[in-house]
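For the sequence shown, UniProt numbering gives the first residue as 1, with consecutive numbering after it.
Reviewing the structure listed below.
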Amino acid sequence: MNFAYGGTGVFKTQVPLPNMTTQIDFFQNILTAGDIYSSSDFSSSVALVSVAGNDYSTFIAQNRPNSEFPAFIKQVVDQTEVNLRRIHALGVKKIAVPLLQPLGCLPGITVASSFQRCNESQNALVKLHNSLLQQAVAKLNNETKQSTFITIDLYNAFLTVFKNKGANPEVNLRRIHALGVKKIAVPLLQPLGCLPGITVASSFQRCNESQNALVKLHNSLLQQAVAKLNNETKQSTFITIDLYNAFLTVFKNKGANPGSTTFQSPLKPCCVGVSSEYSCGSVDEKGEKKYVICDNPKAAFFWDGSHPTEEGWRSVYSVLRESLTASFIKA
């Protein structure tokens with residue numbers, strides 16, 4: 001379940017949508033209804049409570065003095081602690097809360113240095129937020145006598161990626177294997193030039209082969225990396241899942257595989273905006289829908305501009321099933 005609203009925060013932000021307190025109210029209403037999920041469902045669930053920094057962008061937009069920033073950060077973290085305690089009291093036994101990423105490294109900030117340097121003054125405020133949040137989480141765990149609350153260190157994860165310039169998938173796969181995982185699957189990219197957001201230019205009739213050529217380059221390099229890793233381990237530890245050719249097979253056959261749905265126009269999405277200024281899920285200032293949904297979603301491969309429908313993924317799996325089974329049972 002997802003109760004989040006993009007652009008919202010712990011308090012009111014520039015986005016006039018429910019803040020976190022109200023979002024938790026929605027969650028509580030689901031629980032008290034009693035006919036959707038049971039208390040045992042919640043006790044075995046994990047809640048992700050994301051405070052993404054929208055409160056702070058609102059603070060800046062309001063032109064409040066920088067001298068008030070530390071006190072405001074404490075208010076945000078204090079309210080976050082209240083929210084975490086409330087979610088736990090509703091029966092959720094495991095709650096994860098991300099630390100803030102280095103907001104001083106966002107492109108909207110680094111544009112001032114032609115995207116060369118992070119703003120360390122802003123990152124210092126982020127570190128204050130993260131430090132206070134870690135203290136709050138430690139306090140909550142001490143109260144429950146369990147490691148109920150965990151933090152996800154986005155801050156150092158982002159900085160590591162920036163430092164290594166993303167490294168490459170090979171480095172990450174090798175690291176996962178070193179942690180003890182004996183079978184690792186990595187999907188090849190699907191034909192991105194066939195996504196509805198691209199094929200709309202041809203009224204959903206043709207894929208963009210220039211974009212697909214770049215995807216094929218990515219996939220070729222990834223397959224070489226996987227072959228190299230398997231040679232190192234002397235086993236078929238790493239496998240690739242060929243989404244690229246699976247997607248193309250479905251498009252070519254229009255999904256006409258045994259037990260799968262037939263898609264008359266596989267490149268055409270089911271959910272679209274009523275005009276070019278809207279997309280699937282868009283609403284206007286009155287909350288009125290600005291998108292339409294096809295009559296039979298089960299006959300559509302794509303749901304929106306980039307995501308396959310459930311039937312779409314089922315048809316892809318029907319193409320992949322035999323090779324996946326062989327790969328995973330191979331010693």
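Ideal Cβ placement from N, Cα and C applies to all residues, glycine included.
For a quick check, are the C-beta atoms of residue i and residue j less than 8 Å apart?
i: Cys280; j: Thr309; result: no
i: Asn63; j: Gly7; result: no
i: Val319; j: Val250; result: yes
i: Thr80; j: Val10; result: yes
i: Ile73; j: Leu128; result: yes
i: Thr262; j: Lys254; result: yes
i: Ser265; j: Phe204; result: yes
i: Val46; j: Leu133; result: no
i: Thr240; j: Val186; result: yes
i: Thr148; j: Asn142; result: no
With a threshold of 8 Å on Cβ separation, who are the neighbours of residue i within its own chain once the five nearest residues in sequence on each side are excluded?
i: Ile150; result: Lys94, Ile95, Ala96, Val97, Val137
i: Leu154; result: Pro98, Leu99, Leu100, Gln101
i: Phe3; result: Gln23, Ile24, Phe26, Phe27
i: Tyr244; result: Leu188, Leu189, Gln190, Pro191, Val215, Lys216, Asn219
i: Leu31; result: Tyr37, Ser39, Phe42, Leu90, Gly91
i: Arg86; result: Ile24
i: Phe247; result: Gln190, Pro191, Cys194, Val316
Quick check on the burial criterion: 16 or more other C-beta atoms within 10 angstroms. Buried or exposed for residue i?
i: Gly108; result: exposed
i: Met20; result: buried
i: Gln146; result: exposed
i: Tyr56; result: buried
i: Pro196; result: buried
i: Val51; result: buried
i: Ala331; result: With a pLDDT of 47 at Ala331, under the threshold of 50, the modelled position of this residue cannot be trusted, and the question is left open.
i: Phe238; result: buried
i: Asp242; result: buried
i: Gln116; result: exposed
i: Asn130; result: buried
i: Ile176; result: exposed
i: Asn123; result: buried
Could you please give me the residues that DSSP links to residue i through a beta bridge?
i: Cys271; result: Ile293
i: Pro187; result: Ile241
i: Pro308; result: Phe302
i: Pro98; result: Ile152
i: Phe47; result: Here residue 47 turns out to be Ala, not Phe, going by the sequence shown. Its beta-bridge partners are Ile95.
i: Val283; result: Lys289
Spatial neighbours of residue i within its chain, please: CB distance less than 7 Å, with the 5 preceding and 5 following residues excluded, ordered by chain position.
i: Ile293; result: Cys270, Cys271
i: Thr120; result: Note on identity: in this sequence residue 120 is Glu, with Thr being the wrong assignment. Cβ within range, chain order: Gly104.
i: Val283; result: Lys289, Lys290
i: Leu125; result: Phe69, Ile73
i: residue 365; result: Nothing can be reported for residue 365: it is not among the residues displayed for the chain, which extend from 1 to 331.
i: Phe162; result: Cys105
i: Glu209; result: Gly193
Spatial neighbours of residue i within its chain, please: CB distance less than 6 Å, with the 5 preceding and 5 following residues excluded, ordered by chain position.
i: Leu192; result: Gln211, Val215
i: Gly312; result: Phe301
i: Trp17; result: At residue 17 the sequence reads Leu, which differs from the Trp that was named. Here the set comprises Tyr5, Thr8.
Completely contained beta strand (DSSP E) runs for the segment 108-149, where each covers 3 or more residues: none
Curious, which full-length beta strand (DSSP E) runs of at least 3 residues does the segment 4-68 contain? 46-48
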